[in-house]
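In what follows, a structure is listed as C-alpha cells, so that the remarks can point back to it.
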Amino acid sequence: MRLRRTLIAAACVAVAIPFIATAQDADTEKGIEKYRQMLRKDPWTNPGLLDADRGEILWKTPRGPKNVSLEQCDLGKGPGKVDGAFAELPRYFADADRVMDLETRILWCMEKLQGFNRADLVKRPHPGGGQPIKELGAIATYVASKSSGLKFAAKAELPKEKDAIALGEVLFNRRSGPFDFACSTCHASSGLRIRLQGLPFLADPKEAREVVGQWPAYRVSSAHVMTMQHRLYDCFWQMRMPELQLGSELSVALIAYLVKMAEGGEISAPGLKR
Amino acid sequence: MRMFSTVIVPIVTVVLAGATAAFAQQNLAKPSVDPARVDAVVTDAFPTAPVDLRPRLVPDETMSSCSANRNSPPKSIAEAIQKRERAAIHYPADGKFLGDWKNGEKLAQSGYGLRFTDYPPRQEIGGNCYACHQITDQEVSYGTLGPSLLGYGKLRDFKQAVAKAVYEKIYDSHAAFPCSTMPRFGASKILTVDQIKDIVALLMSPESPVNK
Numbered sequence: 001m002r003l004r005r006t007l008i009a010a011a012c013v014a015v016a017i018p019f020i021a022t023a024q025d026a027d028t029e030k031g032i033e034k035y036r037q038m039l040r041k042d043p044w045t046n047p048g049l050l051d052a053d054r055g056e057i058l059w060k061t062p063r064g065p066k067n068v069s070l071e072q073c074d075l076g077k078g079p080g081k082v083d084g085a086f087a088e089l090p091r092y093f094a095d096a097d098r099v100m101d102l103e104t105r106i107l108w109c110m111e112k113l114q115g116f117n118r119a120d121l122v123k124r125p126h127p128g129g130g131q132p133i134k135e136l137g138a139i140a141t142y143v144a145s146k147s148s149g150l151k152f153a154a155k156a157e158l159p160k161e162k163d164a165i166a167l168g169e170v171l172f173n174r175r176s177g178p179f180d181f182a183c184s185t186c187h188a189s190s191g192l193r194i195r196l197q198g199l200p201f202l203a204d205p206k207e208a209r210e211v212v213g214q215w216p217a218y219r220v221s222s223a224h225v226m227t228m229q230h231r232l233y234d235c236f237w238q239m240r241m242p243e244l245q246l247g248s249e250l251s252v253a254l255i256a257y258l259v260k261m262a263e264g265g266e267i268s269a270p271g272l273k274r
Numbered sequence: 275m276r277m278f279s280t281v282i283v284p285i286v287t288v289v290l291a292g293a294t295a296a297f298a299q300q301n302l303a304k305p306s307v308d309p310a311r312v313d314a315v316v317t318d319a320f321p322t323a324p325v326d327l328r329p330r331l332v333p334d335e336t337m338s339s340c341s342a343n344r345n346s347p348p349k350s351i352a353e354a355i356q357k358r359e360r361a362a363i364h365y366p367a368d369g370k371f372l373g374d375w376k377n378g379e380k381l382a383q384s385g386y387g388l389r390f391t392d393y394p395p396r397q398e399i400g401g402n403c404y405a406c407h408q409i410t411d412q413e414v415s416y417g418t419l420g421p422s423l424l425g426y427g428k429l430r431d432f433k434q435a436v437a438k439a440v441y442e443k444i445y446d447s448h449a450a451f452p453c454s455t456m457p458r459f460g461a462s463k464i465l466t467v468d469q470i471k472d473i474v475a476l477l478m479s480p481e482s483p484v485n486k
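Below, the structure is given as C-alpha cells:
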C-alpha cells in the first residue's frame, strides 16, 4: 500500500515539474488548479503525503540523546494524542508557560523529551529549493494531516491566547526595513498581485479561511513541503528583513492571528501551492 | 492641473481600499499592545541578524505613525509625515530630471538587492517597479499593488513639472501621499539620484516604450 502511494506520488512530481519550467505563472496556477482537482478525487497523489508518512515514523521512533519517541509529547489534547490536535492550535501550554503553534510545540518536545539541542534545531530549520523538508517539518506535516477535514477551532479563551492574537495583529501591520513593508503591504486587499503571484487578503476571514488550512503545503515551484513557519520566514526574506527564528514569539503571534482570521476554515493539510 | 486630476483617482481608490481593510480589522476586539513590548518581541525574533541588518528591525517615525494608524493617518499626522518626507528629498545637482530610459527599464525590472541572501552584493540594487506596476506593453509579468504607469508621460503631455513630481514620487513616495505602500527609494538609499533620473526617463521620455 505504502509502495503504491510512493509510486503514484513520484509520478505526480514528474507531472508537476513541467508546470514550473514552462510558460507563465498564470498558466502554472491553472495547472495547479487542475492538479488540485485531481487530488480531491485521489488524495493519495499529493507528494506531501510522503513527508507526512516520514513524519509519522519520526514521531513514533525513539530518537535523540534520550532515545525516546514523541509519543509522550502533549500537543494540547493529552500526551501522544495527534488526531485533531492541530485544529486547536495555537494554544497556551502551562508546562512551557507560553502560547505555541504546531512547529514551536514540536520543537519544545524534541528539546525537552528527546534531549535534542534547541540551537541545532533552529539553525537551518527549512529546506532549500528541491531539498526534502527537515525532520521537524515532516513531523509537523504528519500532525497537521491528522486534522485534515476538521475546521480551525483554536479556543483562544485564555488571556495569553487573546494577547498572542492581538500582538499578531499589531505585527501584521508593523512596517519596517528598507522597503517600509508590513504584512499588510501585500496581504490587506483583495485581488492584487506582485508580479504574477496572487496575494491573498489574509486580514479578511473569507480569504484567510480559503488558504491558511492548506499549510503545510507541497510547493510545486520549490519541489518540497513548506510549513507555515517557513512561509513566514520567506515573506520576511521578501520584506528585506533578517532571518526569522523558528519558535520566536513573533512567529507564534503572527500564526495565532492568521489562524484567528481563518477560524472555521477547513484544514486540508498537506495542501498544494504554486 | 491636468496632472492633479490624473493623480487623484488612484489615490482615492487606494485610500478607500485602506479604509475597508481598517474596518475589517476593527471588528477584532483588541486589547492594546505596549509598543515597547512589540519592539522587544521583534528583536527577539531575529537573533542571528548581522549587525548591518539590525537597524531594519526598528521602524522610523514615519513608518511608526503609519503602522499605528493602519496607513490612514489623521490630517495632523499626515501633514507631519509630508513635511518630514519632503525635507528628505535631494535633487539632482544639474537640475535635470531625465536620465537614460534604457537603464531605467533595467532598474525597473530588477528586484535584486537587500535580501539577506544578497550579501555580499553580486549586482546593483534594482527598483523592482514591475513588482507593483504595469509599465510597458512588452512586459506582461507585472503586479497590481500600484496603478498602471502605461503611457505615463504621454498622458501628461511630457510636462517638466510632471517629471519633477515623478522624481519626487520615486525619491520619497510619502511626500505626496503619506503612508503610501510604495518604498521611499531615494530617502531609504535603495536607488541613487542618477538611477532615479533613469527611471523618470523611462516614464517621461517620448522615446521610452512606456509612451509608444
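From first to last, the protein sequence lines are chains P and Y. Following the numbering used here, the numbering of the first sequence begins with 1 at its first residue and continues without gaps. Following the numbering used here, the numbering of the second sequence begins with 275 at its first residue and continues without gaps. Ideal placement from N, C-alpha and C gives every residue a C-beta, glycine not left out.
Spatial distance of residue i from residue j (CA atoms)
i                 : j                 : result
Val325 of chain Y : Lys206 of chain P : 40 Å
Cys406 of chain Y : Met100 of chain P : 35 Å
Lys428 of chain Y : Thr410 of chain Y : 13 Å
Lys123 of chain P : Ile399 of chain Y : 28 Å
Ala276 of chain P : Val252 of chain P : This structure cannot settle anything about residue 276 of chain P, because the visible part of chain P is limited to 1 through 274.
Lys357 of chain Y : Ser350 of chain Y : 11 Å
Ser384 of chain Y : Glu161 of chain P : 42 Å
Met277 of chain Y : Val436 of chain Y : In this prediction, Met277 of chain Y scores a pLDDT of 40, lower than 50, which makes its location untrustworthy; the coordinate-derived value is nonetheless stated afterwards. Roughly 7 Å separates the two Cα atoms.
Ser221 of chain P : Val212 of chain P : 19 Å
Gln229 of chain P : Ile464 of chain Y : 28 Å
Asn485 of chain Y : Asp392 of chain Y : 33 Å
Met261 of chain P : Gly378 of chain Y : 41 Å
Asp53 of chain P  : Asp83 of chain P  : 15 Å
Thr455 of chain Y : Thr418 of chain Y : 12 Å
Glu413 of chain Y : Val316 of chain Y : 37 Å
Gly48 of chain P  : His224 of chain P : 7 Å
Phe451 of chain Y : Arg458 of chain Y : 11 Å
Asn402 of chain Y : Pro242 of chain P : 19 Å
Asp97 of chain P  : Asp74 of chain P  : 14 Å
Strand pairing of residue i, partner residues [DSSP]
i                 : result
Met100 of chain P : P:Arg91
Ala217 of chain P : P:Met226 and P:Gly271
Arg63 of chain P  : P:Val68
Gln197 of chain P : P:Ile194
Phe179 of chain P : For Phe179 of chain P, which the question treats as bridged, DSSP gives no partner whatsoever.
Asp74 of chain P  : P:Pro79
Lys151 of chain P : P:Glu266
Limits of the unbroken beta strand (DSSP E) element including residue i
i                 : result
Met239 of chain P : Note, Met239 of chain P: premise wrong, no beta strand (DSSP E); not H, not E.
Arg193 of chain P : Leu192 to Ile194
Start-to-end residues for the alpha helix (DSSP H) that takes in residue i
i                 : result
Lys60 of chain P  : Gly48 to Lys60
Leu171 of chain P : Pro159 to Phe172
Ala439 of chain Y : Gln434 to Tyr445
Leu121 of chain P : Arg118 to Lys123
Cys403 of chain Y : Taken as a continuous stretch (DSSP letters only), Cys403 of chain Y belongs to no alpha helix (DSSP H), as it is neither H nor E.
Met478 of chain Y : Val467 to Met478
Ser454 of chain Y : Note, Ser454 of chain Y: premise wrong, no alpha helix (DSSP H); not H, not E.
Arg209 of chain P : Pro205 to Val211
Val143 of chain P : Glu135 to Ser145
Ala314 of chain Y : Pro309 to Ala319
Lys428 of chain Y : Tyr426 to Leu429
Thr336 of chain Y : Glu335 to Ala342
Residue i, buried or exposed, once every other Cβ within 10 Å from all chains shown has been counted against 16
i                 : result
Gly264 of chain P : exposed
Ala449 of chain Y : buried
Arg175 of chain P : buried
Arg360 of chain Y : exposed
Glu329 of chain P : Only positions 1 to 274 of chain P appear in this structure, which leaves residue 329 of chain P out of reach.
Glu33 of chain P  : exposed
Gly168 of chain P : buried
Ile267 of chain P : buried
Ala16 of chain P  : Reliability fails at Ala16 of chain P, whose pLDDT of 38 lies under 50, so the model's placement of it is uncertain and the value that follows must be treated cautiously. Ala16 of chain P is buried by the Cβ-count criterion.
Lys273 of chain P : buried
Ala314 of chain Y : exposed
Gly117 of chain P : Per the sequence shown, residue 117 of chain P should be read as Asn rather than Gly. Its Cβ having fewer than 16 others within 10 Å, Asn117 of chain P is exposed.
Arg311 of chain Y : exposed
Val332 of chain Y : exposed
Glu442 of chain Y : buried
Ala323 of chain Y : buried
Closer than 8 Å between beta carbons: that is the criterion. Which residues of the region 159-182 of chain P meet it against chain Y? Residues passing the 8 Å Cβ filter: Lys162, Asp163, Ile165, Ala166, Leu167, Glu169, Val170, Leu171, Asn173, Arg174, Arg175, Ser176, Gly177, Pro178, Phe179, Asp180, Phe181 and Ala182.
By the 8 Å beta-carbon criterion, what residues does the region 223-242 of chain P contribute toward chain Y? Under the 8 Å Cβ criterion, the region 223-242 of chain P contributes Trp237, Gln238, Arg240, Met241 and Pro242.
Could you name the residues of the region 241-258 of chain P whose beta carbon sits closer than 8 Å to any beta carbon of chain Y, in the order they occur along the chain? Met241, Pro242, Glu243, Leu244, Gln245, Ser248, Glu249, Leu250, Ser251 and Ala253
Members of the region 457-472 of chain Y near chain P, C-beta cut-off 8 Å: Pro457, Arg458, Ser462, Lys463 and Ile464
The region 335-352 of chain Y: which residues have C-beta closer than 9 Å to a C-beta of chain P, in chain order? Thr336, Met337, Ser338, Cys340, Ser341, Ala342, Arg344 and Asn345
If the cut-off is 8 Å on Cβ atoms, which residues from the region 392-405 of chain Y count as contacting chain P, listed in chain order? Of all residues in the region 392-405 of chain Y, only Tyr404 and Ala405 place a beta-carbon less than 8 Å from a beta-carbon of chain P.
Near-chain P residues of the region 316-328 of chain Y (beta-carbon distance less than 9 Å), N- to C-terminal order: Val316, Asp318, Ala319, Phe320, Pro321, Thr322, Ala323, Pro324, Leu327 and Arg328
At a CB distance below 9 Å, what residues from the region 189-215 of chain P approach chain Y? Give them in sequence order. Ser189, Ser190, Gly191, Leu192, Arg193, Ile194, Arg195, Leu196, Gln197, Leu199, Phe201, Ala203, Asp204 and Pro205
Along the region 414-444 of chain Y, what residues have a CB closer than 7 Å to any CB found in chain P? Ser415, Tyr416, Gly417, Thr418 and Leu419
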